[in-house]
Amino acid sequence: MLAYLGRRLLFVIPTLFGIMLANFVIVQAAPGGPVDLMLARIRGATIQATARVSGTGGGEVAGGAARSGTGGGDEAVSRASRGIDPDLVRQLEKQFGFDKPAWQRFVHMMRSYLAFDFGTSFYRDRPVLGIMLEKLPVSITLGLWTTVLVYLISIPLGVAKAVRDGTPFDVWTSAAVIVGYAIPGFLFAILLVVLLAGGSFVHWFPLRGLTSDTWALMSWPQRVADYLWHIALPVTALVVGGFASLAMLTKNSFLDEINKQYVATARAKGLSRRRVLYGHVFRNAMLIVIAGFPAAFVGIFFAGQLLIEVIFSLNGLGLLGFEAAVNRDYPVMFGTLYLYTLIGLVLNIVTDLTYTVIDPRIDFERRET
């Protein structure tokens, strides 16, 4: 097993390198960039100031100037830099590191990332790692609570639906599953805001932040209550949007195992229904559920939070990544991508270890020999 883990850990390096390289090439080929965007902003601000001095409207002209910075390559730079001092253009290129060839920038980036040095944000002028650590509590709160609740709800519900397949319980609980499938999490979040957060009815829950402004002055029981009060609605919205798929996956997996011959044999030997279910079926049925854990965790922890963060004014990693893409803040974009990818690859290895814990018959070392 140790040899297998060693090979898997070594395989992380080329996989991570390939993912970063592919995204780097795509970003370089995309129209626009931090230099183009900055030049467009400078030109737009200059036109606006000129228009105010001359007493004429400059909004439309400034908008055209801003749009001129969205092209790609040298043409985009030439359009955005009309009327801009060439020395300023060269200074901006040097400031953002675009005075060097793309391959040199990529090599330098990967060398720094191996030491978890993600550089400095282009537009916040702060270390990227510090910005990410500042946003991390929000993402940890949403991702961890959501993942725990989704699994605590979905697995027992899926098992109960499988055992009671075709009964009224199965039919009525399917209604909740259909709601979870049909309504995206962000729409349910809007509904919660309208109903419970001062939208049109009552104002029982807050709409901003993880804690109240007076949190530091509270006692520890009050702090815990205040924290849970703030996260109740966003976590509920994420759980409702994520439990349905896992519940149905668990049910179908258990149904498939229950109908196999070894279950009938165990029952024929006189084993109780509970022992057959949890002593034999559970281990085999849970393998497929565990297989989807890395994607579910990373998806809930990072990718599935953007709209929820916007709706509930929570400044986490999801919103940070979106703002970085809009502002062409490449250090933040690639820093978060590197971290997300690394976590996902490590979780895949953890999944393999969990397989062996649940079912000791699985031996990855023997499988490869």
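The sequence shown runs 269 to 637 under this note's numbering. All residues carry an ideal CB built from backbone N, CA and C; glycine is no exception. Remember, predicted model here, so these are calculated numbers, not experimental data.
*asked:* Is LEU585 close to the ligand SAM? I mean its beta-carbon at under 7 Å from any heavy atom of the ligand.
replied: Among the components modelled here there is no ligand, and therefore nothing to report on the ligand SAM.
(request) Can you give me the start and stop residues for the alpha helix (DSSP H) that GLN529 sits inside? (result) By one-based count along the sequence shown, residue 529 stands at place 261. Run containing GLN529: 529-536, per the alpha helix (DSSP H) assignment.
Next item on the list: For chain B, find out if any of its Cβ atoms is closer than 8 Å to the Cβ of TYR419; answer yes or no.
Entry: Considering every chain present, this structure includes no chain B. It has just one protein chain.
* To do: Going by CA-CA distance only, name the one from PHE580, VAL431, ALA534 that's closest to HIS498.
  => Start at 1 with the first residue of the sequence shown, and residue 498 comes out as number 230. Of PHE580, VAL431, ALA534, the residue nearest in Cα terms is PHE580.
Taking the C-alpha atoms as reference points, what is the distance between GLN296 and ALA370? Working through the sequence shown from its first residue, we reach residue 296 at position 28. Working through the sequence shown from its first residue, we reach residue 370 at position 102. Whole-angstrom Cα-Cα distance: 8 Å.
- Would you identify the three-state DSSP class for ALA465, choosing helix, strand or coil? Counting from one through the sequence shown, the residue named residue 465 turns up at place 197. In the structure shown, ALA465 sits in a strand (DSSP, three-state: E or B).
Same chain only: Cβ atoms within 8 Å of ARG358, ignoring 5 sequence neighbours per side: The residue given as residue 358 occupies position 90 in the sequence shown. Once the five neighbours on either side are set aside, the close Cβ partners of ARG358 are ASP367.
Meets three-Cβ-pair contact criterion under 8 Å: the region 421-436 and the region 519-527: yes
Original post:
Is LEU284 near LEU610, with beta carbons less than 8 Å apart?
Top reply: Walking along the sequence shown from the start, residue 284 turns up at place 16. Walking along the sequence shown from the start, residue 610 turns up at place 342. It is a contact, given that the beta carbons lie within the stated cut-off.
- prompt: So, are the CB atoms of VAL447 and LEU514 less than 8 Å apart?
  reply: The residue given as residue 447 occupies position 179 in the sequence shown. The residue given as residue 514 occupies position 246 in the sequence shown. Taking 8 Å as the Cβ cut-off, VAL447 and LEU514 do not qualify as a contacting pair.
Output yes or no for whether 8 Å exceeds the beta carbon distance between HIS410 and ILE617.
-> Residue mapping note: residue 410 aligns to position 142 of the sequence shown, counting from 1. Residue mapping note: residue 617 aligns to position 349 of the sequence shown, counting from 1. One point to set straight first is that residue 410 is Leu, not His, in the sequence displayed. It is not a contact, given that the beta carbons lie outside the stated cut-off.
- Please classify SER468: is it buried, with 16 or more other beta-carbons within 10 angstroms of its beta-carbon, or exposed? Looking up residue 468 in the sequence shown gives position 200. Exposed, by the Cβ-count rule.
Answer with buried or exposed for PRO474, where buried requires no fewer than 16 other C-beta atoms within 10 angstroms of its C-beta.
-> As a working note, residue 474 is residue 206 in the sequence shown. Classification for PRO474: buried.
Roughly how many whole angstroms lie between the Cα atoms of VAL508 and GLY453?
Here residue 508 refers to the residue found at position 240 of the sequence shown. Here residue 453 refers to the residue found at position 185 of the sequence shown. Near 6 Å, if we compare the C-alpha coordinates of GLY453 and VAL508.
ILE556 versus SER407 - alpha carbon distance = On the sequence shown, residue 556 is found 288 positions in, with the first residue counted as 1. On the sequence shown, residue 407 is found 139 positions in, with the first residue counted as 1. Distance between the alpha carbons of ILE556 and SER407: 26 Å.
Notebook entry, point to check: Are the region 389-399 and the region 590-604 touching, with three or more C-beta to C-beta distances below 8 Å?
Noted result: Contact between the region 389-399 and the region 590-604 is present, because at least three Cβ pairs lie under 8 Å.
Give the C-beta separation of THR414 and VAL280 to the nearest angstrom, bearing in mind that I take them to be a contact with Cβ-Cβ under 8 Å.
Residue mapping note: residue 414 aligns to position 146 of the sequence shown, counting from 1. Residue mapping note: residue 280 aligns to position 12 of the sequence shown, counting from 1. Going by Cβ atoms, the distance from THR414 to VAL280 rounds to 26 Å, so no, they are not a contact pair.
*asked:* Can you tell me whether THR388 is helix, strand or coil according to DSSP?
replied: Within the sequence shown, numbered from 1, the residue matching residue 388 stands at position 120. The answer is strand: DSSP assigns THR388 an E or B state.
By the DSSP assignment, the alpha helix (DSSP H) with PHE590 in it spans what residues? Start at 1 with the first residue of the sequence shown, and residue 590 comes out as number 322. That run of the alpha helix (DSSP H) goes 585-594.
Following the continuous alpha helix (DSSP H) through ASP367, name the residue where it begins and the one where it ends. Against the sequence shown, residue 367 aligns to sequence position 99. Looking at the DSSP string, ASP367 is not in any alpha helix (DSSP H), and its letter there is neither H nor E.
Note to self: On the CB-based measure, 16 or more other CB atoms within 10 Å of its CB, does GLY331 come out buried or exposed?
What the structure shows: The residue given as residue 331 occupies position 63 in the sequence shown. Because GLY331 carries a pLDDT of 44, less than 50, the predicted location of this residue cannot be relied on, and no value is offered for it.
Of the listed residues LYS528, ASN291, ILE558, LYS537, nearest to LEU605 (C-alpha basis)
Sequence index remark: in the sequence shown, residue 605 carries index 337 (1-based). For the residues LYS528, ASN291, ILE558, LYS537, the minimum Cα distance to LEU605 belongs to ASN291.
Q.
Less than 8 Å between the C-beta atoms of MET554 and GLY426, yes or no?
A. Locating residue 554 in the sequence shown gives position 286, counting from the first residue. Locating residue 426 in the sequence shown gives position 158, counting from the first residue. No, these two residues do not count as a Cβ contact at 8 Å.
Report task. Measure from the alpha carbon of LEU615 to the alpha carbon of each residue in LEU270, ALA271, LEU277, then state which is nearest. Result -> Along the sequence shown, read from residue 1 onward, the residue named residue 615 stands at position 347. When each option's Cα is compared against that of LEU615, the closest is LEU277.
Contact under 8 Å by Cβ, PRO354 with TYR598: Looking up residue 354 in the sequence shown gives position 86. Looking up residue 598 in the sequence shown gives position 330. Contact flag unset, no.
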